[in-house]
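The block underneath contains the structure these notes are about, expressed in structure tokens.
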Amino acid sequence: MITDPASYLALVTALAVACQVIAWAVRIPSILILLLVGFGLGQVVTPDAVLGRDVLFGGVSLAVGVILFEGSLSLRFKDIADLGRSTVRLCTVTVLVAWTLITLTGWLLGFPIELALLVGAVLVVTGPTVIGPILRQLRPTRRIAALLRWEGIVVDPIGAILAVLVFQAVLAGASADPVSAVLTSLGTTIVTAVVIALVLGALLEFAIKRHLVPDFLHGAVFLSAAVGSLALSNAIASESGLLTVTILGVYLANRPNLHLEHVAQFQEHLQVLFVGILFIVLAGRVAPDAVLQVAPVAGIFVLALVLVVRPVSILLGLLGTGSTKEERRLLAFMAPRGIVAAAVTSVFALELTHAADRVSDPEHAARLSQLGEQAGQMVPLVFLVIVATVAIYGLGVGRLAERLGLATTSPQGVILAGGDEWIVRVAKALGEEGVDVVMVTVYRAALHRARMAGVRVEMANLLSDYVVRDMDMAGLKTFVAATDQDERNTIAAREFSHVLGRAHVFQLAPAALEHVGADRTETASHLTARTPFAPVLEYKELTDRAKGMDVRRTSLTAKYTYKHFQKMYDGKAIALFTVRGDEVGVVTEKSSIEGELTLISLVPRQD
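Residue numbers (our numbering): 725 to 1331.
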């Protein structure tokens, strides 16, 4: 039995990271593994006993705030310029319809109306903790990704506020005017959140733009601002902190010339860690007996959420908007619940019990005490809903998105940056093998050649905001920078590594200056991406050689191997890509080209 808080937190941290690595390797939602590990660990050591409830829920509140702040830093109004009405309706009408239907479902299942309203408010949220990993795995179209990201982050504090309003109404149940109490609470919450967020956001913007804070402290300053604003806001208006950090993040994300990419990366690392820790810790508080007791009701609840609540709320919420039929279908089958639902349910179950001790009216105190006990039974129900919805949506949405043409579960597409004639020929050959290819160039001649060859092309500066942030990345996995400027290739590769991962980002070998030491001329290795193709060639040499070469698609087998292929061309062929079934790979000097596959290469032209 672990009784030392430090040992417990160290174990939870290690397990949180291990679970997410395993989930990434087997391509399943990490939350499923985290919850299972949390349930198991909870049978050995109870978080409440090791950490104490006050410390536990204080830490949970701060961690959830950091997670929402990190997510809101990615919410740019530019992303939804063509989706404004759909986004607003998704975060308002859809939420109200879902709250009504979930409340009705709970009431029909025998919940007291107060708890039905509370659970309904909690379960309208989806959340970045579950949407983010699914989007990384799915990589859907830009429009769908933007809608899901905005809904997941914005609706989280809305759900928490709705739960607070229900809680305030329950506490004011014996007063003469509960409506006035609720409206006062709502007004205080909104005003508090907006004022704190905008004032603090303006101060941070001023400090960063005037270089009053050194770069190495940016991450720490923004983290402290997020947790400080959360605590201050909660002290003024209960549970308003989540709305505060969300508004703060959105404000900072949309300020002109305020570049916070390095801050967002720092916060993202914290988010990954906090998500894992929170799910393991909160799942450890749920007893197996309690789970079995509510399992039948939870099963009915999940069916209602998946088959009725989400489809109807999306249908009514997005009716008459610019969203397509395919987008509405995918959104109707995408509403996994996350950490905010788990955290808020646990907090309010505890708060109802404490409230009963503070009320002087015996009848009202007894009612609150009863609701507190019943709310405690809602905690395992909400966890079962989280497990079920993550399993259903996380494991099933990929196939649906593929059928609707909005994403692919195994993206294999290639981005080729450059405008040379050989790049167009390579892109065409990849396309003939069924590979999605996008060329990025600023040259009109290259644009014309690509279009004549039937290649999708984006005419844009490789380092523009459009290419780095706004270009539709659905179905794309690999980036190859092959422009005539080594520095441009290096910068672009670094930017795309944040999106596609360093394993899938390549750039042509930088040119070396003559008569100068390599340590002075070669680009530092930590700044460059992987080097593609075999043999490795610099831009000028590759371009010169390609003028006398043809692009060839060659089927390699056990009888006709890569060695036979190279021997046929006297070792002068340049191996570029391999296509094995649905899997596309970039050839490097370390590649082992074996088995049955199609090799795309440049070979000497036969006169």
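For every residue, glycine included, the Cβ atom is placed at its ideal position computed from N, Cα and C.
Nearest in C-alpha terms to M1183, of all of R1173, M1176, D1196 and R1168, is R1168. From the listed residues P1259, A1028 and D939, the smallest Cα separation to L984 is found for D939.
By the Cβ-count criterion, F891 is buried, with 16 or more other Cβ atoms from all chains shown falling within 10 Å of its own Cβ. The three-state secondary structure of L839, taken from DSSP, is helix. Straight through space, the alpha carbons of H1288 and L1280 are spaced by roughly 9 Å. Taken in chain order, the unbroken stretches of beta strand (DSSP E) that lie wholly in the region 1165 to 1215 and span 3 residues or more are 1180 to 1183 and 1200 to 1205. Judged by beta-carbon spacing, L886 lies beyond the 8 Å limit of V1036, meaning their Cβ atoms are not closer than that value.
S785: member of the alpha helix (DSSP H) spanning R777 to S796, first to last residue. In this chain, V1033 is not harboured by any alpha helix (DSSP H), its DSSP state being neither H nor E. A distance below 8 Å separates the beta carbons of W823 and V848. With contacts defined as CB atoms closer than 8 Å, I1147 and L1140 qualify as a contacting pair. Beta-bridge partners of L1280 (DSSP): L1321.
Residue state for I752 is assigned as coil, using DSSP reduced to three classes. With distances taken between CA atoms, V1303 lies nearest to G1158 out of V1068, G1158, G1178 and A730. In chain order, L847, A1022, F1025, V1026, L1029, R1061 and A1065 place their CB closer than 8 Å to the CB of V1109, counting only its own chain and leaving out the 5 sequence neighbours on each side. C-alpha of V999 to C-alpha of V1327: approximately 50 Å in a straight line.
Between the alpha carbons of G844 and L814 lies a gap of roughly 16 Å. By the neighbour-count criterion, in which a residue is buried when 16 or more other Cβ atoms sit within 10 angstroms of its Cβ, G1272 is exposed. A Cβ-Cβ distance of about 15 Å is found for the pair P881 and T811, leaving them out of contact under the 8 Å criterion.
Per the coordinates, the alpha-carbon of V1191 lies some 8 Å from the alpha-carbon of V1164.
Rounded to whole angstroms, the gap between the alpha carbons of L765 and F1072 is 24 Å.
Annotated as distal: T1322 and T1285, with beta-carbon spacing of 8 Å or more. Unbroken alpha helix (DSSP H) runs of no fewer than 4 residues, entirely contained in the region 966 to 1033, are found at 985 to 1007 and 1012 to 1028, following chain order. With 16 or more other Cβ atoms inside 10 Å of its own Cβ, M1102 counts as buried. Contact annotation: V788 and I726 have beta-carbon atoms that are not nearer than 8 Å.
Judged by beta-carbon spacing, S953 lies within the 8 Å limit of I920, meaning their Cβ atoms are closer than that value.
The shortest CA-to-CA distance from G1178 to any of V1166, A1151, G883 and H986 is the one to A1151. Assignment of L941 by DSSP, reduced to helix, strand and coil, places it in the helix class.
Non-local C-beta neighbours of L947 in its own chain, meaning closer than 8 Å and more than five positions away in sequence, comprise V790, F990, Q991 and L994, ordered along the chain. A Cβ-Cβ separation of about 14 Å leaves P836 out of contact with L1105 under the 8 Å criterion. Contact annotation, L1300 with F1230: C-beta distance approximately 11 Å; criterion of less than 8 Å not satisfied. Boundaries of the alpha helix (DSSP H) around L1055: K1049 to A1056. Under the criterion of beta carbons closer than 8 Å, A740 and L758 qualify as touching, at roughly 7 Å. A distance below 6 Å between beta-carbons, with the five flanking residues on each side excluded, links R1173 to the following residues of its chain, in chain order: V1148.
Beta-bridge analysis with DSSP links F1301 to V1310 and I1324. Secondary structure at V1260: coil, using DSSP grouped into helix, strand and coil.
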